[in-house]
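These notes concern the structure reproduced below.
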């Protein structure tokens, strides 16, 4: 698979160029991407209709079919999101901190693009639009691999994107499509060229990717989210949040899989809660075997716990560190839950369904991370950056700062600014 | 190796408790650690003397022997560093950003401890002091594995630390020692319990760890640092920086391995540069086979390049993304080099030897990362944290924000503050 390595090498070369493109150039490229897709709208919708027809012949399940299908409205909404990404502040070149190490020796920590990102996703063709928008805006090259069922759609989208960004002065190989699972698997060997892999798909798939590569992997294998109804929960809020978290989109990773009820609230809450869930068509499971399960459908686990500490321990034992919520009127319970639950998102009196890059105001997301290193939770532009330490001196050597009578460092915090500006 | 898993489980339990300890408690624990080591100073130095004697009998090389040897002065210096770590601002619980998603719905991104960190290091016993100081201050539990030659010293140090932190109200299993390579290897299987591995050692060792685990790995396999002497470099500065970067500590990862000279500066610079290097005892190597090599001794590669762009391309091809420096008087060259070189540290008119957590003002470092995800460069307290998204609502459900006429989000930036404070 030498041509997969060649693709990765071209991605790396493009990334090195893109990293030096100005904010205005990268923002313009994202707008050009939106314009290019709009101009080729008919061709893209036509390719999608072919994919949908083939998927129907192959008997693809209805929910997958609905995710695969691109409508003019869906595409317009996605392009509106892309234009929002273009308008977001530049995530690159921000000075996060600056320190005067000694007279004339100034250290700055500055955000920089990651480099080459690989993203393997499922049938949703809008991901093939959103992800390149985010990677271009943040100065990264991307290698995309979509699902086989969306092959024609993804090719039409990526062809349009490549033509549009090339016309905008960005190397077209900053966005490339990998075709077939073999190419994606071959890419995982090139940890010297690819800086991050984002797998989006089933838990088994994400685990497979993690086990197959030395490239850092960002993603979530499971979304086992909890809603804990505390003793002081407002009953109306408690039931509304539990219900929304479960039924709003049961197959989403931020849907609740388990509801915990404080023992003291159980007599008052449980009858109304179980009735509301059953009325909505939710099946309730109880007992040790039901916990820690990602149902992904209209099933929910239910447990009664003694207090907030027991709820925290339960979530940390059975959850997947994605997003967990408490419904309470007690500020101390809220504080304990927020401090004690070891998850990417910890919510108070709000549905777990808000865990989403768009809803968080990140513009869009490349994925949701339950890893604790690098980006955690929904990953937007900031999660696609790293930092660079820029040290500017006046001929400083290190030897005087060590030995028997070392010159002391000043280590004075400076206001962040242009690391190369003469002051 | 069930007892290795048991250690990791105890570390995880301790980490969950430590994550909830206050700033004052964690800072006090770090001071207690320093006090405890001071009180057991004689026992630690005695254990170290036994390690040194055994290593001498085993014929350990002189540089390693000198790193192994702990003197009262070295220990005092290390403890002074520990007290600085205690005094650093709390890295945990800082609100990095806050957004008003809608009326009464406030999102905050707050720093949080990583959890359980494993650190495998070489003979330097001061690492067994510094690393627990950093992990405790940042609310993390640590599993330490030192070199076999420092076994007695490390055990004496870790015993003293455990006693001291337990007396300070921190679970003693927040700091544990793994013994033997088999235990360290067994630990690498427990990616459900360990959040980060930091291997410090040879390039081969770091690569071995990366290949052996699904746990995220932070570290650097190689330090192939470059110094580029630009056409406009001040000759005195150019030679001083090149010399310092090479000879100040040739086996350090931030030592220069290759010096690049701009073609236009070569006639004026090269004779004096090569003379200075040779006088210092440095052997000069040229030619394609010499580039990209981590000499780690008094050898340096030398190449003449046509311009700053060629220098950037050379560094990106042959370097290890650790730290690279330019010596120049041309602001445009500096700007290009800083933007174009894809390394954790990019320095202007300063020696690569400054790439170090203490010198950067981070207090100390757990290691230096050439990975682009998570922390990059010297890793101090901030690199040992992750973030948590805290969403506080008033019973908000997600359903109204989607569908045919969705309620719009406000997405207004808020000043960072206590995520749970009622406003």
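Protein chains in written order, with this note's numbering: chain P, 37 to 459; chain F, 37 to 459.
Glycine included, C-beta positions come from ideal geometry on N, C-alpha and C.
Quick caveat: nothing in here was measured; it's all calculated off a predicted structure.
- The Cβ atoms of residue 384 (chain P) and residue 410 (chain F) lie no closer than 8 angstroms to each other.
- In this structure, DSSP gives residue 414 (chain F) an extended state, which the three-state scheme calls strand.
- Flagged as an interface residue toward chain P: residue 385 (chain F), by a C-beta distance shorter than 8 angstroms.
- If you look at residue 438 (chain F), you'll find it isn't in any alpha helix (DSSP H); DSSP assigns it neither H nor E.
- Residue pairing from DSSP places residue 262 (chain P) in a beta bridge opposite P:294, P:360.
- Residue 165 (chain F) is not a Cβ neighbour of residue 180 (chain F), given a cutoff of 8 angstroms.
- Setting aside the 5 residues that flank it on each side, residue 46 (chain P) is surrounded in the same chain by 209, each with a C-beta closer than 6 angstroms to its C-beta; the list follows chain order.
- Here the segment 427 to 434 of chain F makes contact with the segment 371 to 386 of chain P; the two share three or more CB pairs at distances below 8 angstroms.
- The beta carbon of residue 445 (chain P) sits closer than 8 angstroms to some beta carbon of chain F.
- Residue 423 (chain P) has a beta carbon lying within less than 8 angstroms of a beta carbon in chain F.
- Under the three-state reduction of DSSP output, residue 402 (chain P) falls in the coil class, being neither helix nor strand.
- Residue F:83 holds the alpha-carbon nearest to the alpha-carbon of residue 190 (chain F) among F:328, F:83, F:108, F:175.
- For chain P, the residues of the segment 238 to 265 of chain F that bring a beta carbon within less than 8 angstroms of one of its beta carbons are 246, 247, 250, 252, 254, in chain order.
- C-alpha of residue 143 (chain F) to C-alpha of residue 376 (chain P): approximately 18 angstroms in a straight line.
- Under the 8 angstroms criterion on CB atoms, residue 432 (chain P) is classed as interfacial with respect to chain F.
- Looking at the backbone, the Cα of residue 90 (chain P) and that of residue 185 (chain P) are separated by about 8 angstroms.
- Under the 8 angstroms criterion on CB atoms, residue 407 (chain P) is classed as interfacial with respect to chain F.
- With a threshold of 8 angstroms between beta carbons, residue 435 (chain F) makes contact with chain P.
- With contacts defined as CB atoms closer than 8 angstroms, residue 355 (chain P) and residue 262 (chain P) qualify as a contacting pair.
- By the CB criterion at 8 angstroms, residue 129 (chain F) and residue 54 (chain F) fall outside the cutoff.
- When DSSP reads this structure, residue 423 (chain P) sits in a beta bridge with P:147.
- Residue 449 (chain F) and residue 124 (chain P) have their alpha carbons spaced roughly 13 angstroms apart.
- The shortest C-alpha to C-alpha distance from residue 320 (chain P) to any of P:329, P:234, P:331, P:335 is the one to P:335.
- Nearest to residue 48 (chain P) by alpha-carbon distance, out of P:268, P:297, P:177, is P:177.
- Inclusion of residue 229 (chain P) and residue 40 (chain P) in the CB contact set at 8 angstroms is not warranted, their separation being larger than that value.
- If you ignore the 5 residues before and after residue 160 (chain F), its C-beta comes within less than 6 angstroms of the C-beta of 103, all in its own chain and listed in chain order.
- In the three-state DSSP reduction, residue 138 (chain P) falls in the strand class (E or B).
- Per DSSP, reduced to three states, the secondary structure at residue 450 (chain F) is strand.
- Of the candidates F:455, F:391, F:416, F:391 places its Cα closest to the Cα of residue 259 (chain F).
- Neighbourhood of residue 55 (chain P) in chain F, by CB distance below 9 angstroms: 375, 376, 378, in chain order.
- If you draw a 10 Å sphere on the C-beta of residue 169 (chain F), you find 16 or more other C-beta atoms in it, and that means buried.
- When rounded, the separation of the alpha-carbon atoms in residue 221 (chain F) and residue 172 (chain F) is 24 angstroms.
- Membership of residue 314 (chain P) in any beta strand (DSSP E) is not indicated; the residue belongs instead to the alpha helix (DSSP H) covering 302 to 315.
- Interface flag for residue 295 (chain F) against chain P is unset, since no Cβ pair is found closer than 8 angstroms.
- By the rule that beta-carbons nearer than 8 angstroms mark a contact, residue 452 (chain F) does not touch chain P.
- Selection P:235, P:265, P:203 evaluated against residue 217 (chain P) yields P:235 as nearest (Cα-Cα).
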